[in-house]
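Working notes, beginning with the structure itself.
Residue numbers (my numbering), protein chains in the order written: chain A, 6 to 122; chain B, 146 to 459; chain C, 5 to 440.
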């Protein structure tokens, strides 16, 4: 009988082994890999520039709001285990906290942060 | 509640997940072929269509990989293999009946952590080949993550709250009488949406969209493509499968043994997703994000509040 | 034959096909698509996926060379077959399959020869490409330059050249024969990397022969220049054929025109829905398109169309996803000279989709009408045929304005919702068309 984490570690080993087998079978089956590089595809014409560039996204503000909530989850996971133990206070405090965060979401929503077309 | 499993289950689990995935892809292929080519004329034809995914596996195994100009092969390949690895590791907490390979006290957090690896996986895969369209696909998944992840986390926390435990086995045990899906319908519905979103599949397939010629996966060929797309189906099977212990009572049910109930419920969820996918076009994040944050987040929060009140009065 | 050869041969029995459609080859494309469906072979979205490159049409030498480069971008053993005459699709695919099986079983001798030639030509090309690169400035294929984007060195070099000082026209450094993206103002007043990307012509669900030379900032289309592959000299378009014939005084039955109009709209709808990520109705409409062209009875076509069209029209998710994209009010459309469905729709991508569905359903009623097409009224699927400007010219002309500022995915949907037919003798403003 393995502990919970030991069996997960073992599982990781099995998955990696499985992937090695799959790649091995492919190396045996597939003709020799081409050594040359091919041009990236965008419809048949050669690219004029490298695609690696500073990629502009219109959803940067959402990442900030997301981080706030993601941190909040750190509190919420342990909280679920003590709700009935702590009682009403636990529920009131957690949802007050969530309500404050959500007020920020409403504000951002009104500013149009969640829609970018 | 959960019982011990023999050590060789560590080999059985990946095989079982792959088998379920193959059947699911076969079902999907049959439905797709019906739209493209009409009803199958014979049972033999139906079988041939269902076997299409297996032929595709062989095709990709034989196909050599290639590299694009100045590609970042190392990061790209890490992204590719991360998908199946994350999927199977997330599946470690998946109980068959009441037995799972591993039932850590923070099983739900573990599942959440593993599926979140998809963020890195898809972005790295899109970044790797130095190709504009694949990069667009990779970034699309980050936007998708920002939209689905939060309602998703509230949904699984709600299930954990119902059982007051983060251990999957205890969540199943808490549904001995009433399934969580019955009195947490919002959380269940949101969970199903996010199961599709995190496996970037179906209506949430925009990161691999046809409009970007295949998006993050567009420069993948051969075994890399097999591992990435196969891993995506594994992820889909695992996330759909986890809805059974979290919301559908796990192995609980009359007459049939617990493992059979798990299989039946998982099959029904997968069939519903695969068939239901045909009803919806792709949800693009520049529209969906608003819905996720302004509708799904408050809805799941209210759901969590209702469950918290019930828990207090239990 | 050993196990390995058998498996290799077996693996290519249902090849995935990349279809390259040249201008003027719509009929050939329809042939090839129908044949692929009959065989159950998939159509690839990108060369990485494909085993077989099927070219519809007869490429001129320049385009032919480009297609060969594309073929070399496919995993080995990649093959190219050309379909240059109607009715030859099945034969060409058979030949392709036979050759593919042969190559697959003995990859060593044939593939290596190909690859050597390929690598040489490819390298030669990246030096003389259209990009304003200085060949030889960077090590063309050096291993130390493999990761230009995420290496700090790449950015430092760029910043040192022109970054913070404000003048960004620094001497362009090249890595592996290509420069990095330059910077420019974006629509929100930020100064960001601007990636030049030629889009098309070999894309799935894309008007044949169309090339959009895009400047992208992230996935936002900042600017677009419309370009095209050289087309058929006479400018005959398959979709406009009945009306063109009628304009020359030939007797053409109304029903023939109705069938062609219906099929043209179904073809466009298939593209648009496929890009909207709704493969199921897209596939059904495409199958119906081929039945309409094959002369299936009007009753059967009408019934099937009603079923699918109802689903599409009722979908609120589709409306939610498409509404507001590529808005083209009738007044503005008229100013650009747009006629046909895009003018009638008087609105966004979703409105244009609804007009196509409505017109397709209306056309089905006239399938069996044997009266001749009235010679005065020559309205093809995309607008008025026979004037000084073909209807797709106006659709191409509005593109730059509609696409500027759109998300990449939205831009594809907008193009598909206008679906300009490059087979018509449209001209592009940038002079002599595509430089290959």
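The beta carbon of each residue, even a glycine, is placed where N, CA and C say it ideally should be.
query: Cβ separation of residue 41 of chain C and residue 60 of chain C, assumed to be a contact under 8 Å, to the nearest whole Å; result: At roughly 15 Å, the Cβ-Cβ gap does not stay under 8 Å, so residue 41 of chain C and residue 60 of chain C are not in contact.
query: Proximity below 8 Å, CB of residue 443 of chain C to CB of residue 327 of chain C; result: Since the first residue of chain C shown is 5 and the last is 440, residue 443 of chain C is not available in this structure.
query: N- and C-terminal bounds of the alpha helix (DSSP H) containing residue 395 of chain C; result: 395-407
query: Test: residue 11 of chain C CB closer than 8 Å to a CB of chain B; result: yes
query: Minimum C-alpha distance to residue 219 of chain B - residue among B/271, B/243, B/260, B/296; result: B/271
query: Residue range of the unbroken beta strand (DSSP E) whose run includes residue 221 of chain C; result: 214-221
query: Residue 264 of chain C, DSSP secondary structure in three states; result: helix
query: Short CB-CB distance (under 8 Å) between residue 215 of chain B and chain A; result: yes
query: Residue 385 of chain B in three-state terms, based on DSSP; result: helix
query: Pair within 8 Å by beta-carbon distance, residue 233 of chain C and residue 360 of chain C; result: no
query: Residue-level contact to chain C via CB, residue 10 of chain A, 8 Å cutoff; result: no
query: C-alpha gap between residue 17 of chain C and residue 97 of chain C, whole angstroms; result: 11 Å
query: From C/269, C/181, C/104, residue whose alpha carbon lies closest to that of residue 368 of chain C; result: C/269
query: Cβ contact check for the region 150-166 of chain B and the region 240-251 of chain B: 3 or more pairs under 8 Å; result: yes
query: Complete beta strand (DSSP E) runs within the region 29-101 of chain C (minimum length 3 residues, chain order); result: 56-60, 83-87
query: Which of helix, strand or coil DSSP assigns to residue 298 of chain C; result: coil
query: Contact the region 407-423 of chain B vs the region 340-357 of chain B: 3+ CB pairs below 8 Å; result: yes
query: Residue 251 of chain B versus residue 411 of chain B - alpha carbon distance; result: 22 Å
query: Whole-angstrom distance between residue 101 of chain C and residue 28 of chain C, CA atom to CA atom; result: 26 Å
query: Neighbourhood of residue 64 of chain C by C-beta distance below 8 Å, restricted to the same chain and skipping five residues each side; result: 234
query: Where the beta strand (DSSP E) through residue 186 of chain C begins and ends; result: 186-189
query: Residue interval of the beta strand (DSSP E) (run including residue 352 of chain C); result: Unbroken run through residue 352 of chain C: none, as it is neither H nor E.
query: Strand pairing of residue 231 of chain C, partner residues [DSSP]; result: C/215
query: Three-state class that DSSP yields for residue 226 of chain C in the structure shown; result: strand
query: Positions along the region 345-367 of chain B whose CB lies within less than 8 Å of some CB in chain C; result: 348, 350, 351, 354, 355, 356, 357, 358, 359, 363, 364, 365, 366, 367
query: Within-8 Å CB hit, residue 80 of chain C to chain A; result: yes
query: Coarse secondary structure for residue 376 of chain C, derived from DSSP in three states; result: strand
query: Cβ-Cβ separation, residue 228 of chain C to residue 332 of chain C (assumed contact under 8 Å), whole Å; result: That belief does not hold up - the Cβ atoms of residue 332 of chain C and residue 228 of chain C are roughly 15 Å apart, past 8 Å.
query: Own chain, CB closer than 7 Å to residue 64 of chain A, minus 5 neighbours either side, in chain order; result: 121
query: Simplified DSSP assignment, three categories, for residue 118 of chain A; result: coil
query: Proximity below 8 Å, CB of residue 22 of chain C to CB of residue 54 of chain C; result: yes
query: Under 9 Å (Cβ pairs) to chain B, residues found in the region 91-104 of chain A; result: 92, 93, 95, 96, 99, 100, 103, 104
query: Euclidean distance between Cα positions of residue 367 of chain B and residue 305 of chain C; result: 40 Å
query: Continuous beta strand (DSSP E) stretch holding residue 326 of chain C: start and end; result: Unbroken run through residue 326 of chain C is the alpha helix (DSSP H), 320-326; no beta strand (DSSP E).
query: Length of the line joining the Cα atoms of residue 285 of chain C and residue 176 of chain B; result: 12 Å
query: Neighbouring residues, chain B, relative to residue 297 of chain C (Cβ below 9 Å); result: Chain B residues near residue 297 of chain C: none, gap ~16 Å exceeds 9 Å.
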